[in-house]
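These notes are about the structure you will find just below.
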Amino acid sequence: MSRVRLIVLQVLVAAIAVVLWYVLSTYKVFGKILLPPFFFSNPVDVASQIVDWFVSGVIWKHLWVTLEESILAFVLGSFGGVAVGFWFARQPRTAAVFDPYVKMVNALPRVVLAPIFTLWLGLGIWSKVALGVTLVFFIVFFNVYQGVKEVSPTVLANARMLGMSERQLMRHVYWPSALSWMFSSLHTSVGFAVVGAVVGEYLGSAAGLGYLIQQAEGVFDVAGVFAGMFVLAAFVIVIDTIVTLIERRLLVWRPLASDARP
Amino acid sequence: MAASATAKPIPASAVALSGVSIAFRLTGGGSYTAVERTTLTVADGEFVAIVGPTGCGKSTLLNIAAGLIAPSSGRVDIFGTALTTLNRQAGYLFQADALFPWKTALDNVAIGLETAGVLSSEARARAQTWVARVGLSSFGDRYPHMLSGGQRKRVGLAQVLIRDPKILLMDEPFGPLDAQTRQIMGNLLLDLWSADRKAVLFVTHDLEEAIALSDRVVIMSAGPAARVIGDWKVPLARPRDIGEIKLDHAFHELHRDIWHMLKAEVIKGYALTEGA
């Protein structure tokens, strides 16, 4: 399938969905409106709400807050994950001691932590960052841990025979290996950073996309809820595209699945 | 055995294994003796090939000479000094892929110098000449996954040789390659080796390859408790061409004699692994 054709088909899917939504929420079918506007709004209202946000400029503040929280959560969570992942992988005894607790905390649904973080850190951005960190940390941690442990023994033996000191091993072998594992989960961890931020905002905040959606919901403004969702979706797609570009740049040494040699 | 009488290492030997045994502890209890009281010397500048059936502990012996594992008993001397840590005078070419996948071919070659404290710019310049010597001048910026198996081995060879080790340890380095590529790589190896004649310990299961390359062929018995059971001089003239030397009459006679001994061990080795 050519690129142009693909894009045309992708746009077509969106167009059909929007048209269906519009028709079913505006015109009666068999004497009944299938998508009552009270519950489903309609594309025109939602679009005008989005345009309104951007024209008046209200949305930028909220987008910025969510972006800020996501970035902070991602950076802090990644730092923690890399540090602890390295530490545990190089100190199997420590890892064994902490193992049940790591599993326990990881099994916990993070949403239940949100009220505690709000209590501790207030309604500002830090309670959202904290929620995002708890999500990002574990993904990065598990990947880095795996990455350090799964360095090929042959590559390691080779590195030692080539005269690498412990520090050089870190820099030339463990670090790149761990990073490659971390980057392979980049999409997931960035996604979770956004989830943490938005869910945190939704549960109690004064700004951000989650706040916007929650506010609209509070006054039964369904158009506002949908508008918030669409902006959020677009926001995530933009971030994901940036992540893909970064990934391509950093992992050039990796074989693509399509041109892998047997 | 006559060999045990020469337990005292000769100072000139690049590698001297004396009465070396290796036993691995099994997880279910007990232990497995891979190699038993083996004595083997490689003189400086000598090319020695170790041939033996699969699973006879040839690679284990190489790892001991490299200092990657310590023998359960016996001693290892490198140029007359007992080996207690990693063998800093040896370069090791592994059987499996050992290149750093996140470095380009050039950086893979340069790294061996950088670890030794050579400035990065100089290391890369010297790596460039080595990449050219193994015939990959236009492939320096490729990552290992973009290279063929033979090209990766060339990079590996350059990676090891750029450090100018006194001893070269090779563990079936051309094992995974096809017959033609093996021949080309063998000739390349002999070509590079003849420039400064390092001591080489070359492990292979291919007797033809062993005879064609080396000055001495050492035969090991089937494991467990493998030992050296034969030691043959290869009186073929150098420089050699691996393709042509296999047509030589002397080559054939030697091959026949050694194979006669090796065959029995191969069959024994099979019986053991199949029976287990």
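Protein chains in written order, with the working numbering: chain A, 1 to 262; chain B, 1 to 276. Just so you know, even glycine gets a beta-carbon here, dropped at the ideal spot from N, CA and C. Just so you know, these numbers come straight off a predicted model, no measurement behind them.
Proximity below 8 Å, CB of residue i to CB of residue j
i         : j         : result
Ile64(B)  : Ile22(B)  : yes
Val55(A)  : Ala207(A) : no
Pro101(B) : Val266(B) : no
Leu131(A) : Gly200(A) : yes
Leu147(B) : Val155(B) : yes
Asp171(B) : Gln95(B)  : yes
Val20(B)  : Val76(B)  : yes
Lys58(B)  : Val203(B) : yes
Gly269(B) : Gly55(B)  : yes
Arg133(B) : Leu113(B) : no
Ile139(A) : Ser189(A) : yes
Ser194(B) : Pro165(B) : no
Leu250(A) : Phe183(A) : yes
Asp221(A) : His187(A) : no
Phe141(A) : Gly81(A)  : yes
Gly74(B)  : Arg25(B)  : no
His62(A)  : Tyr211(A) : yes
Val144(A) : Trp181(A) : yes
Asp44(B)  : Ala199(B) : yes
Ala178(A) : Val219(A) : no
Ile16(A)  : Phe230(A) : no
Val42(B)  : Ser13(B)  : yes
Gly34(B)  : Gly223(B) : Residue identity differs from the one stated: residue 34(B) is Ala in this sequence, not Gly. Yes, the Cβ-Cβ distance between Ala34(B) and Gly223(B) is below 8 Å.
Thr115(B) : Met164(A) : yes
Val18(A)  : Pro43(A)  : yes
Val109(B) : Ala158(B) : yes
Terminal residues of the beta strand (DSSP E) in which residue i lies
i         : result
Asp231(B) : 228-233
Leu179(A) : No beta strand (DSSP E) contains Leu179(A), which is instead part of the alpha helix (DSSP H) from 175-184.
Glu36(B)  : 31-43
Gly74(B)  : 73-78
Asp206(B) : Unbroken run through Asp206(B): none, as it is neither H nor E.
Other residues of its chain near residue i: CB distance less than 8 Å, five sequence neighbours each side excluded
i         : result
Val236(A) : Gly191, Val194
Asp215(B) : Glu46, Phe47, Val48, Lys233, Val234
Val75(A)  : none
Met261(B) : Ile219, Ile229, Gly230
Tyr22(A)  : Asn42, Pro43, Val44
Neighbouring residues, chain A, relative to residue i (Cβ below 8 Å)
i         : result
Arg163(B) : Leu162, Gly163
Arg88(B)  : Gly163
6 Å Cβ shell around residue i - same chain, five flanking residues per side excluded
i         : result
Ala66(B)  : Asn87, Ala90, Tyr92, Leu169
Ile10(B)  : Unreliable placement is indicated for Ile10(B), whose pLDDT of 48 sits below 50; no coordinate value is reported for it.
Gln214(A) : Tyr202
Ala47(A)  : none
Those residues which DSSP pairs with residue i across a bridge
i         : result
Ile219(B) : Val51(B), Gly230(B)
Leu161(B) : For Leu161(B), which the question treats as bridged, DSSP gives no partner whatsoever.
Leu168(B) : Gly91(B), Val200(B)
Ser274(A) : Since the displayed chain A opens at 1 and closes at 262, residue 274(A) lies outside it and no answer follows.
Lys32(A)  : Val29(A)
Thr118(A) : Beta-bridge pairing links Thr118(A) to no other residue.
Ala82(B)  : Asp77(B)
9 Å Cβ cut-off: residues of chain B touching residue i
i         : result
Ala157(A) : Asn63, Ala66, Leu68, Tyr92, Phe94, Ala98
Thr154(A) : Phe94, Gln95, Ala96, Asp97, Ala98
Pro176(A) : Phe100, Pro101, Trp102, Lys103
Beta-carbon neighbours of residue i, restricted to chain B and to distances below 7 Å
i         : result
His62(A)  : Within chain B, no residue comes near His62(A); the closest Cβ sits about 40 Å away, beyond 7 Å.
Gln168(A) : Thr115
Pro100(A) : Ordered by position in chain B, no residue passes the 7 Å Cβ test against Pro100(A), which lies about 24 Å from the chain.
Partners in chain A for residue i, counting only beta-carbon separations shorter than 7 Å
i         : result
Pro101(B) : Trp253
Ala125(B) : By Cβ distance, chain A contributes nothing, its closest Cβ being about 18 Å from Ala125(B), past 7 Å.
Ile111(B) : Leu162, His172
Ala116(B) : Gly163
Interface residues of chain B facing residue i [CB-CB closer than 8 Å]
i         : result
Ser180(A) : Trp102
Endpoints, alpha helix (DSSP H) assigned at residue i
i         : result
Ala23(B)  : Counting along the chain, Ala23(B) falls outside any alpha helix (DSSP H), though it belongs to the beta strand (DSSP E) covering 13-25.
Glu217(A) : 209-218
Ser59(B)  : 58-66
Thr241(A) : 222-250
Leu106(B) : 105-114
Amino acids of chain A, ordered along the chain, whose beta-carbon sits closer than 9 Å to that of residue i
i         : result
Ala271(B) : By Cβ distance, chain A contributes nothing, its closest Cβ being about 30 Å from Ala271(B), past 9 Å.
Nonlocal neighbours in the same chain, by C-beta distance under 7 Å from residue i, ignoring five residues either side
i         : result
Leu177(B) : Gly149, Gly150, Lys153, Met185
Glu247(A) : Phe183, Leu186
Arg3(A)   : none
Ser137(B) : Val131
Ala73(A)  : Val129, Gly132, Val133, Val136, Ala193, Gly196, Ala197
Trp259(B) : Leu207
Near the ligand NAP: residue i beta-carbon under 7 Å from a heavy atom
i        : result
Gly74(B) : Among the ligands in the structure shown, none appear at all, so the ligand NAP cannot be discussed.
Scan the segment 126-157 of chain B for residues whose Cβ lies nearer than 7 Å to a Cβ of chain E and list them as they occur along the chain. No chain E is part of this structure, whose protein chains are labelled A and B.
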